[in-house]
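What follows is one structure encoded as structure tokens, with my remarks underneath.
In my numbering, the protein residues as written are 2 to 601.
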């Protein structure tokens with residue numbers, strides 16, 4: 002359809018800057034290991050808890066930390082009887098305690114509860130108040146949970162201050178460590194308290210010469226207080242990073258938006274017995290399960306940096322400590338479904354959404370769900386070893402991370418208006434042998450399983466990549482969510498017209514969001530639609546919105562605004578009608594002005 006004549010309008014300077022990025026972006030050569038070795042700092046081996054002095058170590062060597070509570074930390078609660086183990090001594094013997102004894106409020110001897118929300122807050126506040134010598138330590142108030150519990154993070158840096166602008170101006174990459182998105186997974190929060198102290202005034206503190214660190218020990222305090230996976234509102238927070246229905250997910254989105262971490266680690270625990278024993282007659286073996294972002298439209302550099310710079314050194318660190326590890330995997334709650342799946346490919350989890358933000362995004366899971374306090378020292382030790390490895394790798398690759406992040410941002414922006422994009426992708430079915438434990442003898446048992454590999458994605462639906470998306474003036478909720486994610490949205494300043502593609506509904510059903518585990522704990526059913534695209538002239542009234550894809554978060558925009566996917570804003574009623582959004586396929590000629598964040 003021929004576009005009717007119209008007058009070319011001057012774009013706002015911010016819009017011009019975005020559109021200028023549409024040109025082809027050459028990708029850099031992959032940094033050599035020799036170059037990284039020349040710039041790698043010396044790393045201190047912390048040895049055992051009894052070590053009297055630090056000793057030199059190779060850059061990739063694992064670090065073991067023993068920590069005591071800072072002054073003023075809460076003391077232990079009343080002793081409690083140990084919970085009955087869900088397996089016998091033969092299995093338990095496979096998981097001896099480490100030689101190091103970690104000390105936090107929740108790990109105190111005789112304790113029957115993990116660190117409370119108030120104890121975690123006190124720990125962080127004490128560290129911030131005490132300061133860190135050459136470092137600056139700041140306590141970040143991120144808002145409150147649904148029940149009103151403060152959400153707090155700790156910033157550790159050598160920058161002039163702990164605000165986002167100072168960290169960005171430092172030129173050093175920021176590493177964000179997130180714990181306990183699921184309330185019944187306590188080991189990450191305890192481990193992050195240990196790491197916070199060691200970074201503040203312990204033997205990890207020298208790493209701040211090359212990196213900034215932000216720690217959020219407990220992202221879901223309401224779930225932790227209740228001992229439940231979900232938030233107080235019954236939503237799985239780790240499936241809410243695109244829709245942002247929960248205050249907890251919105252707080253983490255603001256943290257990502259403001260501090261722009263180059264590396265993010267999402268630390269969890271996984272089910273040990275439960276449906277695995279029911280389905281396979283075996284018990285989970287591995288101390289740690291690992292994965293990185295695996296969703297559609299990631300930069301080709303993302304998996305390479307994740308694998309070569311982080312996962313491989315992390316595996317080596319775990320192996321040196323005698324900690325078994327494997328790719329992350331899970332199985333559905335359906336007892337008749339015997340498939341094993343790696344982490345999902347949907348753009349809704351922290352791991353995948355953080356990757357779409359062009360942050361190297363790693364998932365760490367230790368064995369823990371369903372076993373109470375059993376093996377808690379080993380579980381925390383596994384978290385500490387793994388997270389320390391990530392911090393070391395980020396320090397060693399600090400310069401490379403900055404370069405690759407810049408190219409990924411430019412690559413995402415430069416693809417606007419050209420080529421194809423994947424709107425839906427799935428894993429690749431395979432067969433493989435998975436090692437579990439015999440519940441009677443504790444011996445390894447190899448089981449052949451159907452394995453859905455998320456490392457090899459199958460495109461299920463593709464479309465041409467537009468220049469951007471138009472949103473109606475009434476779509477304020479969608480605009481607010483995009484801005485909370487850090488997406489730049491422009492407002493149409495004068496009426497105009499563009500060449501666009503509208504969505505025509507061809508079929509509709511009602512359903513529910515699901516992942517490889519089954520149905521997602523969520524707030525409402527979704528609208529499942531099939532659509533066809535109709536190209537033509539699209540009027541753009543004054544006060545409507547334009548979301549350009551010539552920006553670094555372009556692929557996050559695609560995940561939110563292509564309507565026929567289970568995580569889209571339309572499917573989840575953030576956008577109320579298909580007529581309220583459209584694809585813009587020609588460079589926009591209407592007059593645009595930047596929309597300041599929080600202005601609606």
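The beta-carbon is built from N, C-alpha and C at its ideal position, and this holds for glycine as well.
Test item: CB-CB of residue i and residue j under 7 Å
| i | j | result |
| --- | --- | --- |
| residue 103 | residue 195 | yes |
| residue 587 | residue 499 | yes |
| residue 296 | residue 353 | yes |
| residue 395 | residue 559 | no |
| residue 284 | residue 438 | yes |
| residue 273 | residue 371 | yes |
| residue 485 | residue 254 | yes |
| residue 517 | residue 342 | yes |
| residue 218 | residue 146 | no |
| residue 303 | residue 356 | yes |
| residue 536 | residue 506 | no |
| residue 471 | residue 316 | no |
| residue 539 | residue 583 | yes |
| residue 156 | residue 139 | yes |
| residue 602 | residue 245 | Residue numbering for the chain in the displayed model covers 2 to 601; residue 602 lies beyond these limits and cannot be assessed. |
| residue 88 | residue 467 | no |
| residue 158 | residue 126 | no |
| residue 186 | residue 220 | no |
Per-residue burial, residue i [other beta carbons within 10 Å of its own, 16 or more giving buried]
| i | result |
| --- | --- |
| residue 320 | exposed |
| residue 550 | buried |
| residue 580 | exposed |
| residue 593 | buried |
| residue 323 | exposed |
| residue 1 | The chain is shown only over 2 to 601; residue 1 falls outside these bounds and no answer can be derived. |
| residue 430 | exposed |
| residue 407 | exposed |
| residue 433 | exposed |
| residue 241 | buried |
| residue 48 | Note that residue 48 has pLDDT 34, beneath the 50 cutoff, so the model's placement of it is unreliable and the number below is only indicative. Buried, because 16 or more other Cβ atoms sit within 10 Å of the Cβ of residue 48. |
| residue 543 | exposed |
| residue 460 | exposed |
| residue 105 | buried |
| residue 565 | buried |
| residue 597 | exposed |
| residue 426 | buried |
| residue 600 | exposed |
| residue 300 | buried |
| residue 110 | exposed |
| residue 118 | buried |
| residue 509 | exposed |
| residue 160 | buried |
| residue 477 | exposed |
| residue 447 | exposed |
For residue j and residue i, believed in contact at Cβ under 8 Å, the rounded distance
| i | j | result |
| --- | --- | --- |
| residue 99 | residue 382 | 4 Å |
| residue 182 | residue 351 | 7 Å |
| residue 589 | residue 415 | In fact, because the Cβ distance is near 17 Å, the residues do not count as touching under 8 Å. |
| residue 266 | residue 179 | 7 Å |
| residue 143 | residue 154 | 6 Å |
| residue 545 | residue 473 | 6 Å |
| residue 192 | residue 489 | Not really, about 36 Å apart at Cβ, beyond 8 Å. |
| residue 115 | residue 107 | 4 Å |
| residue 556 | residue 239 | Contact flag wrong, Cβ pair sits at about 19 Å. |
| residue 174 | residue 399 | 6 Å |
| residue 148 | residue 233 | 5 Å |
| residue 453 | residue 340 | 6 Å |
| residue 428 | residue 458 | 7 Å |
| residue 361 | residue 307 | 5 Å |
| residue 91 | residue 373 | Not quite, the Cβ-Cβ distance comes to about 19 Å (not below 8 Å), so this is no contact. |
| residue 541 | residue 497 | 5 Å |
| residue 548 | residue 482 | Not a contact, Cβ separation roughly 11 Å. |
beta-carbon residue i near the ligand MG non-hydrogen atom, thresh 6 Å
| i | result |
| --- | --- |
| residue 427 | As far as ligands go, the structure on display features none, and thus does not contain the ligand MG. |
Strand pairing of residue i, partner residues [DSSP]
| i | result |
| --- | --- |
| residue 453 | 342, 430 |
| residue 448 | 435 |
| residue 462 | 425 |
| residue 145 | 151 |
| residue 532 | 506 |
| residue 546 | 472, 492 |
| residue 271 | 368 |
| residue 408 | Answer is none; residue 408 lacks a bridge partner. |
Quick one: any contact between the stretch 309–322 and the stretch 287–298, if contact means 3 or more CB pairs under 8 Å? yes
Whether or not the stretch 150–168 and the stretch 245–264 are in contact is what I'm after, with contact meaning three or more pairs of Cβ atoms, one per stretch, closer than 8 Å; do they touch? A contact is defined here as three or more CB-CB pairs under 8 Å, and the stretch 245–264 meets this definition with respect to the stretch 150–168.
Indicate whether the contact test is met: 3 or more Cβ pairs, each with one atom in the stretch 382–391 and one in the stretch 360–372, closer than 8 Å. yes
Three or more C-beta pairs under 8 Å: does that hold for the stretch 524–538 against the stretch 475–495? no
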